[in-house]
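Report on one structure; see the data block that follows.
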Amino acid sequence: MARIVVDPVTRIEGHLRIEAELNGGAISDAWSSGTMFRGIELILRGRDPREAWIWAQRICGVCTTVHALTSVRAVEDALGIEVPENANLIRNIIGASQYVQDHVIHFYHLHALDWVDVTLALKADPAKTEQLAESISPWPKSSRTYFKGIQDRVKALVESKQLSLFSSGYWGHPAYHLPPEANLLAVAHYIEALEFQRDYIRIHAVLGGKNPHLQTYLVGGMSTAMDPNEPQATINPERITFLAELASKAQTFVDQVYIPDVLAVASFYRDWFGRGEGLGNFLSYGDFPQGSVKDSARFYLPRGAIFNRDLSKVQPVDPANVAEYVTHSWYQYSDGDQNPKHPYQGETNPKYTGPKPPFENLQTDQKYSWLKAPRYQDHPMEVGPLSRMLVAYASGHQEVKDLVNGALAKLNAQPSALFSTLGRIAARAIEAQLMARQVSKWVAELGDKLGHGDLRVHNGEKWDPDSWPKEAQGFGFHEAPRGALAHWVHIEDKKIKNYQAVVPTTWNAGPRDAKGQRGAYEASLLKTPIADPERPLEILRTVHSFDPCLACAVH
Amino acid sequence: MFPSNQTFTRALQQKGINRRRFIKFCTAMTATLALPPRYVAQVAAALEKARKPVLVWLQFQDCAGNSESILRSSHPSVLEVVLDLFSWEYHELVMAGAGHQAEAALERVVREEKGKFLAVVEGAVPLADDGVYCTVGGRTALDIARHVCPNAAATIAAGACAWDGGLVRAHPNPTGAVGISEAVPEANVINLGGCPQNPANTAAVLVHYLTFGQLPAMDQYHRPLFAYGRIIHDQCERRAHYDAGRFVQEWGDEGHRKGWCLYKMGCKGPEATFNCPSVRWNDGTSWPVKAGHGCLACASHRFWDVRSPFYERLPQVPGFGADVTAGEIGMGVTAAVAGATIVHGIASAIRDRMRTQPEAVPPQASNQPPKA
Amino acid sequence: MTELTKHGWGEAHRPEPAFPPLRVYVWEQPVRVSHWFIFLAVVVLSFTGYYIHNPFIVAKSSTPFLMATIRFIHVVTGFVFISAFLLRIYWFFKGNEWSNWRAFVPVHRRQWRGMGRMVAYYSFLRKDLVHQVGHNALAAVTYLVMFTLMFVEIITGLTLYTQVRGGWLLAPLFSWLPRVIDIQYIRLTHFCIMFAFFAFVIHHVYSAVLVSWEERNGLIESIFTGYKFVPRDELAEDSARREAD
Ligand code: HEM
Ligand code: HEM
Ligand code: NFV
Ligand code: SF4
Ligand code: SF4
Ligand code: F3S
Ligand SMILES: [Mg+2]
């Protein structure tokens, strides 16, 4: 038995450490630890709930915007505020475009290098790359001269011996088995995706003033004033046209680059349909209200839970059943660390008991992470695009069914193949495709509203804190790119009394609970074969398939 | 992406970027740096000569917002920065290597590039409880910062957290977080305030460094003057409305739709220095005030505590509740004094009355000439 | 004790003097001039300052320069205020015994005793006023506090001015301050002191009326004319006290 430590796990957001026991060439046990804590829940206390979103948004700059939305929803829930239709629509556009943005960056810049050996691109024949590209997609940038240019750049880089970001990769690892041409294609798209994400996110700049950390939310709506006749209004016909243009470009990019690339890569790594499954429990709060945020039946992505891979039954979800353990986390609960706490009663009392740094290993039998361990009805759950797509699929969401079935057919795989490392990657890509379309639809809808003179973006009835009750509690949720996110706020005397965030990556990367049940990462790593313990590429593959965000997870 | 012995122009040409675009890029950089146009040639010459200096990007108590921000850089693009202008050897968010290999990459830079490489720091450094609130590879952030930053030619603190502790350091600062220059006083630091910093400015600082081999002129907070020398309010496109007294009164009202001034909605533009109104964000697309929300003064020192509450003009008066404004306290004090005065006036009148009860005092004894 | 039969209730309670009081030139011209310029400036500065803080009048689309004008008036009046303040400071050193700085700084036991007596008077623990030619000890200290607040208001005002206007002279003089105390706290101080003025004026005018009435010495008129009407014995006491110090 040998222990492998991967710290830092890179190409993720934040500070994640994986420790794993190796037994006969495969992982027999694994521990996931978040090694950074800021205490944002504590910093929020005593502040004006109307600005909580500004603070909470800084939980993460990668999935920026999502904590802002969740926070305003929590405060709106506490104060009983319904936001105008337009505000909801704008929030949907921001949220959905965040999916597309985040998923594209994740696949190309955070995950692709687990599957693509950049150095192998040198061996590719540009002409064959052209053939490959044209066989999978109508994307116009596919000439052999184009690929030759890319290859020359890689060559120059390698010859310079200054490999920059690529200097320390696991190049030449036996688990890489894409043909050279696919590697070259992927490198080209790595570069294109960098440009794509930069251009596309201007949707957020228009609607949020800037990205990362958008600055136009309000408790009660949005500060993006709308007017069809005012050139200075944040949303006017000219801006709608601009948004629509960006949205349509994104659809093309996802349809013609992202999706074909994912399918191509997956087809070369079919063994990964059988690895990295994890818990088999999936949770989605559902999101993208079409009308009231209370009307979960009309969410574009449905709410529900799936247990034990059983796609025939989608269970209803009640946020009252969420609770967090700190048995293996560096916190203390006032009444002992054995029982979980619902976030309304949540406590954040940091108490580090780990080894004194610098250290070699964590005490994984005791407390070993800054993440709490959230549970739903005492079950560990996986959250994220895969959960959302499975819940939608199992709930009979027609568009999701068509896309998922289409992809499965192309890969010649069964739905059960989705319970895997590759399943997560595929679900994420499918979701990006779905949401890229929605962005276009919602932008058009917003343009319609503008045209019909519906200009309300904010409900100011409860803006004045004097109109609030002495005490109020609220729950805000959002399906963030990485999964089910919720904030719970307790307001007393116009100030935040308690604030608790239970975040997607807290669900997935959290440690064990009092019963010893593993979190999703820990469970998904079990049985993974490791070819070279010095270069545990396989660990990265599965962990990356969740798109970890540790700043989110710990906050 | 070019060998280090090749010139920048040739590399750009190899990428299909012609001289004209290169000069355009240099002109844009010169403008961002607030240098007179005659410097374009010097910027161009410096970039043409440039070999790739090594850069490492450290993340501590951060949210990666500054990393994401640099991914959105357009002039130069992140690709140009990461691959062509620098050799970007360490950056957890995007680097290929992980674990031991990543740590080794950083070690190599500190060892072999001592005094020559640039370090960028993102996020605060926790000092409380021996730094256990942030470890990477089992070492504390403080340990790593002390190891890397003093050995760098310069350290760029990217964003509020790295500058002054940012949000992490806001009250009650649960982890004892500080900015990098407080954590490692011996480092040569330039602070790029902002939450996050604006990639246009970061790129400009990097190009300045490439061009002149040193950091640009800085203010008392070690922020580059070209970006932090002017008040937002003085550059704001809504300023004419401010001067005219045209203010947004309620979110979404007529004034809001017409782009009036956000002063009454808590805009901190009057107490914020930054160049948002001129460089804007995301390729010059917009900036918060343009999009309809007040500025938070996110590039000001300790802005989280001293510029909040963000929907009020002034900070909270220490010792009062979160929802009590200075105006309310002032009015309260004034009213209390007025009330007390009225009560006192009535009481005085009563005293008067009591003192003048004719029977109360014997009717002579007074009216003596003064003793002196 | 008062000759009660001579006047009904509600009149002053000072003994009707046998000899007519002396007309004493207490407040010299610079004191009166600075007093009223300060007063007028404070009125204008408070109104315009409050508007700057909270622009309660919102212009129509076509109204030009409302805020800019208000700010201009505030700053110009600010300099009037500063001039009046400086004049009064000058007179701290040049003026007569009642306007001299020594009359304000409580360094003598009798001043503290006097303050105690005035506090007792205001809180109804003492029946009679402490008679004074110049300021009573409590008033003097209050004025000293107000002069200090005026000074702080001027410093913070000029610091804000360097932020909004800059300038070759003031910027180097005042730009150091925001590095020590954040500009927002400077604003907050500047704003809060305004209310100290409000509170002061209320009490100040009230006590002037009260004392004037109780003493029947023409106190209110004195700040216009400069003259008070003082009984001989008090005048003698006043100079004797000062000599004893
Ligand atoms: C009794 C005296 C004064 C009062 C009551 C007063 C009151 C005020 C108030 C209430 C504000 C608004 C603060 C805020 O909420 O932002 C203000 C701002 C200001 N005051 Fe005064 N002030 C006084 C004297 C002065 C003086 C002597 C100056 C010196 C020139 C001055 C210069 C300023 C400036 C420059 C501002 C900032 C204006 C801006 O934000 O554009 N003030 N004052
Ligand atoms: C902002 C408004 C005012 C301020 C700051 C102020 C301040 C002062 C100060 C500092 C003195 C002491 C004189 C000196 O030695 O310079 C004084 C005296 C006096 N003020 Fe005012 N004053 C104000 C308004 C008024 C008003 C409205 C009245 C009208 C009744 C008034 C009546 C007097 C009188 C009667 C004295 C002489 C009182 C004494 O002997 O103690 N003041 N004032
Ligand atoms: N986990 C997580 Fe997030 C997301 N998506 C959010 O709530 O990444 Ni920073
Ligand atoms: S300064 Fe802002 S954007 Fe940068 S790491 Fe800190 S919270 Fe994130
Ligand atoms: S919107 Fe803000 S920065 Fe712009 S003029 Fe108004 S107060 Fe100044
Ligand atoms: S909040 Fe920051 S981004 Fe600019 S507009 Fe204000 S300085
Ligand atoms: Mg939490």
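Chains as they are written, first to last, in the numbering used here: chain A, 1 to 555; chain B, 1001 to 1372; chain C, 2001 to 2245.
From the three backbone atoms N, C-alpha and C, an ideal C-beta is built for every residue, glycine too.
On a predicted model such as this, the values are computed, not experimentally measured, just so you know.
Candidates the options: closest to residue i by CA position
| i | options | result |
| --- | --- | --- |
| residue 563 of chain A | A:548, A:87, A:11, A:360 | Here chain A covers residues 1 to 555 and nothing more, so residue 563 of chain A does not appear. |
| residue 398 of chain A | A:429, A:261, A:434 | A:434 |
| residue 1377 of chain B | B:1247, B:1125, B:1144 | Any property of residue 1377 of chain B remains undetermined from this structure, which presents chain B solely from 1001 to 1372. |
| residue 2215 of chain C | C:2206, C:2132, C:2027 | C:2132 |
| residue 110 of chain A | A:165, A:129, A:146 | A:165 |
| residue 2145 of chain C | C:2200, C:2029, C:2239 | C:2200 |
| residue 1155 of chain B | B:1218, B:1057, B:1227 | B:1057 |
| residue 2244 of chain C | C:2025, C:2111, C:2027, C:2128 | C:2111 |
| residue 1188 of chain B | B:1081, B:1294, B:1117, B:1071 | B:1117 |
| residue 1174 of chain B | A:53, A:161, A:350 | A:350 |
| residue 2178 of chain C | C:2161, C:2192, C:2193, C:2169 | C:2161 |
Straight-line gap, residue i to residue j (C-alpha atoms, nearest Å)
| i | j | result |
| --- | --- | --- |
| residue 2086 of chain C | residue 2095 of chain C | 13 Å |
| residue 219 of chain A | residue 79 of chain A | 10 Å |
| residue 8 of chain A | residue 33 of chain A | 11 Å |
| residue 1005 of chain B | residue 1114 of chain B | Low local confidence applies: a pLDDT of 36 at residue 1005 of chain B is under 50, so the model's placement there is unreliable, and no value is given. |
| residue 360 of chain A | residue 1132 of chain B | 14 Å |
| residue 2001 of chain C | residue 2188 of chain C | Bear in mind that the predicted position of residue 2001 of chain C carries a pLDDT of just 40, short of 50, making it unreliable; the figure below should be weighed with that in mind. If I take the Cα positions, the gap works out to 51 Å. |
| residue 215 of chain A | residue 2089 of chain C | 49 Å |
| residue 116 of chain A | residue 1135 of chain B | 29 Å |
| residue 1185 of chain B | residue 2109 of chain C | 52 Å |
| residue 1333 of chain B | residue 2209 of chain C | 22 Å |
| residue 13 of chain A | residue 1091 of chain B | 11 Å |
| residue 1265 of chain B | residue 487 of chain A | 26 Å |
| residue 228 of chain A | residue 1259 of chain B | 13 Å |
| residue 2225 of chain C | residue 2140 of chain C | 20 Å |
| residue 556 of chain A | residue 427 of chain A | What the structure shows of chain A is the stretch from 1 to 555, and residue 556 of chain A is not part of that stretch, so it cannot be assessed. |
Exposed unless 16 or more other CB atoms sit within 10 angstroms - verdict on residue i
| i | result |
| --- | --- |
| residue 516 of chain A | exposed |
| residue 1213 of chain B | exposed |
| residue 521 of chain A | buried |
| residue 1066 of chain B | buried |
| residue 2036 of chain C | exposed |
| residue 977 of chain B | Here chain B has residues from 1001 to 1372 only, and residue 977 of chain B is not among them. |
| residue 2 of chain A | exposed |
| residue 243 of chain A | buried |
| residue 2025 of chain C | exposed |
| residue 281 of chain A | buried |
| residue 2027 of chain C | buried |
Under 8 Å, with one C-beta from each stretch per pair, do the segment 525-542 of chain A and the segment 27-39 of chain A reach the 3-pair mark? yes
Measuring from each Cβ to the nearest heavy atom of ligand 5, keep the ones under 7 Å and list them in chain order. B:1232, B:1233, B:1236, B:1238, B:1239, B:1241, B:1242, B:1261, B:1262, B:1263, B:1267, B:1269, B:1270, B:1289, B:1294, B:1295
Count the CB pairs spanning the segment 85-104 of chain A and the segment 436-452 of chain A that are closer than 8 Å, and state whether there are at least three. yes
With contact counted as at least three CB pairs below 8 Å, one residue from each stretch, are the segment 1199-1211 of chain B and the segment 1067-1083 of chain B in contact? Proximity of the segment 1199-1211 of chain B to the segment 1067-1083 of chain B meets the contact definition, three or more beta-carbon pairs being nearer than 8 Å.
Any chance the segment 529-549 of chain A sits against the segment 166-177 of chain A, with 3 or more Cβ pairs inside 8 Å? yes
Pair every Cβ in the segment 274-286 of chain A with every Cβ in the segment 297-310 of chain A, then say whether three or more of these pairs are closer than 8 Å. yes
Counting pairs of beta carbons, one from the segment 2030-2048 of chain C and one from the segment 1213-1233 of chain B, are three or more of them closer than 8 Å? no
Would you be able to state if there are at least three C-beta pairs under 8 Å between the segment 362-369 of chain A and the segment 345-354 of chain A? yes
Quick check: the segment 398-408 of chain A against the segment 65-79 of chain A, are there 3 or more CB pairs under 8 Å? no
Does the segment 1231-1241 of chain B come within contact of the segment 1268-1276 of chain B, defined as at least 3 CB pairs closer than 8 Å? yes
Is the segment 30-50 of chain A close to the segment 183-203 of chain A, with three or more CB pairs under 8 Å? no
Three Cβ pairs or more, each shorter than 8 Å: is that satisfied between the segment 1308-1322 of chain B and the segment 236-256 of chain A? no
Counting pairs of Cβ atoms below 8 Å between the segment 246-261 of chain A and the segment 488-495 of chain A, do you hit three or more? Because the criterion of three Cβ pairs below 8 Å is not met, the segment 246-261 of chain A and the segment 488-495 of chain A do not touch.
Cβ contact (3+ pairs, closer than 8 Å) linking the segment 1238-1256 of chain B and the segment 2066-2080 of chain C: yes
Contact between the segment 118-126 of chain A and the segment 182-190 of chain A: three or more CB pairs below 8 Å? yes
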